[in-house]
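**Student:**
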């Protein structure tokens, strides 16, 4: 939940799309609110129709059926695929857009809203780890606007498309419609701009408590930027091979088995919703040791709060953010961002 910490009469509205809750607050005239709501609904509906793996007529489903063939794609699809492949390279393949077959083999073959009501245990077709073969990368030719999926591979862009949709809609409201202040939150992938009031008061974002869902664990407080949360706790189901969740480790082609069960990532004023979402997912998949080492090695100026299965919390970033950006957050372990060298108090050493 996001709380405007000023007294401005912001216009707020909520709806469901992409199998999640959409929460939008904009500084606008009341007479514009209905049009902006329609615009937002139409945008998320457009993205869902184009990118859903559950819609047989979506462009993504069409590409999956033609795996192994070179296909012309829309400008929108090309934009997202280029973005997804760039994060595949940045994360050494841990973020991978070609995990469709792995997630469906784990039993996630229908929207989660319907999956929750399906008879369980669900039959799965998951392979032994020793037989897992991570997919080859996409072949993208931007100049030709063409894409070739590897044979026997399939796209699942659900996570990155949600963050991308938030970012693109926020850019449109802010840059084209000149909305000075706003917040767009799609199931934990969010961006804010302009502060929560004309006086510049920050937005206050509740951090979901992983084990007490009716409570918050703390708050993020900032006027500009983005954040995202990824978790294995919400989307779980039971199969004939045991419990499963939706975050796939491309090294095993199975649901991840790291120590991290939930992760929130933010990056300050210049942060990007897509990057936050990708890194939150990567940290969940890799766990605290491998995940933070990768994030630190790549030099990404993002901060993270990780929750582990033994109910400990790890903070990664600049410790001076605790109590400022991250408020009311009680951590068990603090890992200092390598770019904290400017602070003699902490010495800039990552640990």
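In the UniProt record's numbering, the protein residues as written are 1 to 351. No residue lacks a Cβ here, since even glycine has one placed at the ideal position from N, Cα and C. Just so you know, these numbers come straight off a predicted model, no measurement behind them.
When you compare each of 62, 315, 275 to residue 262 by their alpha carbons, which one comes out closest?
**Tutor:** In the chain shown, the residue the question calls residue 262 occupies position 262. The shortest Cα separation from residue 262 among 62, 315, 275 belongs to 315.
**Student:** Given this structure, state the Cα-to-Cα distance separating residue 337 from residue 66, to the nearest angstrom.
**Tutor:** On the chain shown, position 337 is the one that residue 337 refers to. On the chain shown, position 66 is the one that residue 66 refers to. Roughly 43 Å separates the two Cα atoms.
**Student:** Can you give the Cα-Cα distance for residue 268 and residue 163, rounded to whole angstroms?
**Tutor:** For the purposes of this step, residue 268 is taken as the residue at position 268 of the chain shown. For the purposes of this step, residue 163 is taken as the residue at position 163 of the chain shown. Cα-Cα distance, rounded: 16 Å.
**Student:** My parser needs the alpha helix (DSSP H) runs of 4 or more residues fully inside the region 139-226; what are they?
**Tutor:** Runs of the alpha helix (DSSP H) inside the region 139-226: 158-171.
**Student:** Residue 259 and residue 226 - do their beta-carbons sit closer together than 7 Å?
**Tutor:** Sequence index remark: in the chain shown, residue 226 carries index 226 (1-based). Sequence index remark: in the chain shown, residue 259 carries index 259 (1-based). No, they are not a contact pair.
**Student:** Go ahead and label residue 302 buried or exposed: buried means 16 or more other beta carbons lie within 10 angstroms of its beta carbon, across all protein chains shown.
**Tutor:** Position 302 of the chain shown, counted from the start, is the residue given in the question as residue 302. The residue is buried, with at least 16 neighbouring Cβ atoms inside 10 Å.
**Student:** Between 206, 223, 200, 222, which lies nearest to residue 215 when the distance is taken from Cα to Cα?
**Tutor:** Position 215 of the chain shown, counted from the start, is the residue given in the question as residue 215. Residue 215 has its Cα closest to that of 206, out of 206, 223, 200, 222.
**Student:** State the start and end residues of the unbroken beta strand (DSSP E) segment that holds residue 12.
**Tutor:** What you label residue 12 is simply residue 12 of the chain shown in a count that begins at 1. Run containing residue 12: 11-17, per the beta strand (DSSP E) assignment.
**Student:** Residue range of the alpha helix (DSSP H) that residue 262 falls in?
**Tutor:** Residue 262 sits at position 262 when you count from the first residue of the chain shown. Per DSSP, residue 262 belongs to no alpha helix (DSSP H); it is in the beta strand (DSSP E), 260-266.
**Student:** The alpha helix (DSSP H) spanning residue 233 covers which residue range?
**Tutor:** On the chain shown, position 233 is the one that residue 233 refers to. No alpha helix (DSSP H) holds residue 233; DSSP gives it neither H nor E.
**Student:** Secondary structure at residue 244, three-state DSSP: helix, strand or coil?
**Tutor:** The residue labelled residue 244 in the question sits at position 244 within the chain shown. Three-state DSSP puts residue 244 in a strand.
**Student:** Compare the beta carbon distance of residue 276 and residue 230 with 7 Å and say whether it is the shorter of the two.
**Tutor:** Locating residue 276 in the chain shown gives position 276, where the first residue counts as 1. Locating residue 230 in the chain shown gives position 230, where the first residue counts as 1. No, these two residues do not count as a Cβ contact at 7 Å.
**Student:** Can you tell me whether residue 142 is buried or exposed? The criterion is at least 16 other CB atoms within 10 Å of its CB, across all chains shown.
**Tutor:** As a first step, residue 142 is located in the chain shown; it is residue number 142 there, counting from the start. Classification of residue 142: exposed, given that the 10 Å Cβ count is below 16.
**Student:** Please name the residue or residues paired with residue 370 in a DSSP beta bridge.
**Tutor:** With the chain running from 1 to 351 in the structure shown, residue 370 is simply not present.
**Student:** Jot down the residue ranges of each uninterrupted alpha helix (DSSP H) in the region 7-81, minimum 4 residues, whole runs only, in chain order.
**Tutor:** Correct list: 30-51, 59-65.
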